[in-house]
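See structure below.
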Ligand code: GLN
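Residue numbers (the working numbering): 529 to 1061.
What follows is the structure in structure tokens.
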């Protein structure tokens, strides 16, 4: 096999300028040329993984098939690449330090002083290589989280710098993404922040090979030329990437600037001709005006657009595939606390209760689920949303007001959801839940089985609590059918309400498996039901 090529994507000026989307888009363009691509994000924070992070901090926690709790960019990677990445796709500084310290305790470095250089940098480079090798990749694209100039990303940038001499100049490429702001007072795009950012990067020993300039509007050749001259990057490798309506347009925008061809040429990659016809078709469907369907996602983090990112994306993928224009709105539990449920949810065609943790906001979500049930609005409950839907039904329809989860009330007299099996003696947080793809057996003749058309199915899980077997009779009293169970532990995984237009609760997270080119059947059926409600 030819040697793997390594592309590093760094960011400057400000955070959140879409390094992840740039990396994912380039990956898609290279894949469409027949190359095998692995994507990896190095996150500079000290958390060992994203598992214990609040969605209010970095957006949703994404889960890989092999059970790693990741940064949400890994979700973009999988959606753009239409593939399953493994746990090496995301690595934090904390994980690297953790490994190095663990090895030090084991005596692996007896006698040595453990230092950022070489120990942390060597461990980082080992992760980079391991990731690429795990996928037998022709190209590994490594996104370095944070912004150049941050103290905490320095070891990663140093590792990236060393890769050029370790792997060779022909094997490595550095892409720097910056913001080119438009200053209203001067009515012009300002290049200075980019110049400073590149200067900063060069002071760390990295000369970018390509610049991707993010801006509100297209950047003229003259401005690109100026940046090229100041930054020692040839004008043709200074790429404008203006804001577009959908993130899925970015690959086509980059393709129109021949970004992938330039990368292929620079790295002498054996690339074929790209075929982006399916992607274009998907984008057309996504942007086509159709019948509007309004979906309410009822959760704690309504002020954080990224908190339910995979879920809102999955709803849009599904809508596009059936010609419905999906408008997703986050209805926060804070608002539900202040206003009555009718006024909050009146305008929607369907209600989705997403995953979540902790007691706060649960009574409001339960009230929203009750409203949806009474109005016979299509309902989809995911993770916590499924658990709260079961609690709502048992409280209202089986007349057991006390029904709860020990996550909400540790002293409840009716703990429908409890800690069992491996979870009951768990004292540590982080990577200790039921995680990743698990087999779920679906019962014949149920809605779930009809939607999937097969059994067992494999879906990604992330939960600590589970439905206690001793109360399953109460589900029946509440009009709920158990339509799926974990194939091994037999824990209840899917519930439905046969008498409803559409009512499904899943303990797992189908949103992680939805792809723009392959929408998930559960979401498609949910949108279809919403369209008819
Ligand atoms: N908090 C619940 C649990 O731990 C549900 C988690 C989730 O929604 N993924 O079981």
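Here a beta-carbon is modelled for each residue, glycine too, at the ideal position from N, C-alpha and C.
Residue i (DSSP reduced to helix, strand or coil)
{"i": "residue 469", "result": "Nothing can be reported for residue 469: it is not among the residues displayed for the chain, which extend from 529 to 1061."}
{"i": "residue 535", "result": "strand"}
{"i": "residue 966", "result": "strand"}
{"i": "residue 735", "result": "coil"}
{"i": "residue 943", "result": "strand"}
{"i": "residue 629", "result": "helix"}
{"i": "residue 858", "result": "strand"}
{"i": "residue 934", "result": "coil"}
{"i": "residue 777", "result": "helix"}
{"i": "residue 787", "result": "helix"}
{"i": "residue 980", "result": "helix"}
{"i": "residue 662", "result": "helix"}
Residue i to residue j span [Cα, whole Å]
{"i": "residue 659", "j": "residue 668", "result": "8 Å"}
{"i": "residue 1012", "j": "residue 1023", "result": "7 Å"}
{"i": "residue 733", "j": "residue 702", "result": "11 Å"}
{"i": "residue 676", "j": "residue 761", "result": "18 Å"}
{"i": "residue 848", "j": "residue 810", "result": "7 Å"}
{"i": "residue 800", "j": "residue 655", "result": "29 Å"}
{"i": "residue 691", "j": "residue 939", "result": "55 Å"}
{"i": "residue 1027", "j": "residue 853", "result": "27 Å"}
{"i": "residue 603", "j": "residue 1047", "result": "14 Å"}
{"i": "residue 790", "j": "residue 739", "result": "12 Å"}
{"i": "residue 807", "j": "residue 1045", "result": "7 Å"}
{"i": "residue 846", "j": "residue 1059", "result": "12 Å"}
{"i": "residue 787", "j": "residue 554", "result": "8 Å"}
{"i": "residue 817", "j": "residue 773", "result": "13 Å"}
{"i": "residue 856", "j": "residue 542", "result": "28 Å"}
{"i": "residue 844", "j": "residue 814", "result": "7 Å"}
{"i": "residue 767", "j": "residue 842", "result": "30 Å"}
{"i": "residue 990", "j": "residue 697", "result": "42 Å"}
{"i": "residue 942", "j": "residue 904", "result": "27 Å"}
{"i": "residue 646", "j": "residue 618", "result": "21 Å"}
{"i": "residue 960", "j": "residue 840", "result": "26 Å"}
{"i": "residue 743", "j": "residue 709", "result": "6 Å"}
{"i": "residue 613", "j": "residue 567", "result": "8 Å"}
{"i": "residue 532", "j": "residue 876", "result": "49 Å"}
Beta carbon of residue i nearer than 8 Å to that of residue j
{"i": "residue 895", "j": "residue 922", "result": "no"}
{"i": "residue 837", "j": "residue 1054", "result": "no"}
{"i": "residue 600", "j": "residue 779", "result": "no"}
{"i": "residue 587", "j": "residue 835", "result": "yes"}
{"i": "residue 883", "j": "residue 861", "result": "no"}
{"i": "residue 572", "j": "residue 650", "result": "no"}
{"i": "residue 970", "j": "residue 980", "result": "yes"}
{"i": "residue 504", "j": "residue 536", "result": "Residue 504 falls outside the range modelled here, since the chain spans only 529 to 1061, and no answer is possible."}
{"i": "residue 589", "j": "residue 963", "result": "no"}
{"i": "residue 769", "j": "residue 729", "result": "no"}
{"i": "residue 569", "j": "residue 635", "result": "no"}
{"i": "residue 1002", "j": "residue 1025", "result": "no"}
{"i": "residue 859", "j": "residue 881", "result": "no"}
{"i": "residue 534", "j": "residue 735", "result": "no"}
{"i": "residue 665", "j": "residue 820", "result": "no"}
{"i": "residue 988", "j": "residue 607", "result": "no"}
{"i": "residue 705", "j": "residue 547", "result": "yes"}
{"i": "residue 639", "j": "residue 576", "result": "no"}
{"i": "residue 1041", "j": "residue 926", "result": "no"}
Cutoff 6 Å; reference residue i; Cβ partners in own chain excluding five residues on either side
{"i": "residue 917", "result": "897, 909 and 1033"}
{"i": "residue 544", "result": "none"}
{"i": "residue 723", "result": "758"}
{"i": "residue 851", "result": "818"}
{"i": "residue 999", "result": "944"}
{"i": "residue 886", "result": "none"}
{"i": "residue 1004", "result": "none"}
Residues of its chain near residue i, where Cβ-Cβ distance is below 8 Å and the 5 sequence neighbours each way are ignored
{"i": "residue 750", "result": "none"}
{"i": "residue 783", "result": "557, 802 and 804"}
{"i": "residue 737", "result": "701, 702, 703, 761, 765 and 794"}
{"i": "residue 1057", "result": "878, 906, 1029 and 1030"}
{"i": "residue 965", "result": "593, 594, 595, 986, 987, 988 and 989"}
{"i": "residue 993", "result": "915, 933, 934, 935, 945, 946, 947 and 951"}
Proximal residues to residue i (C-beta, below 7 Å), its chain only, five neighbours per side dropped
{"i": "residue 919", "result": "894, 931, 932, 933 and 944"}
{"i": "residue 559", "result": "565 and 609"}
{"i": "residue 872", "result": "859, 863 and 864"}
{"i": "residue 832", "result": "583, 584 and 587"}
{"i": "residue 678", "result": "572"}
beta-carbon residue i near the ligand GDP non-hydrogen atom, thresh 7 Å
{"i": "residue 531", "result": "Inclusion of the ligand GDP in the displayed structure is not the case, the ligand content consisting of the ligand GLN alone."}
Any beta strand (DSSP E) of 3 or more consecutive residues that is wholly inside the segment 792 to 854 = The qualifying runs are 819 to 827.
Worksheet item: Of all the beta strand (DSSP E) runs that stay within the bounds of the segment 875 to 928, which reach a length of 3 or more residues?
Response: 878 to 881 and 907 to 910
Complete beta strand (DSSP E) runs within the segment 572 to 629 (minimum length 3 residues, chain order) = List check, beta strand (DSSP E) in window: 618 to 620.
Within the segment 686 to 722, note down every full beta strand (DSSP E) run reaching 3 residues or more, in order along the chain. 700 to 707
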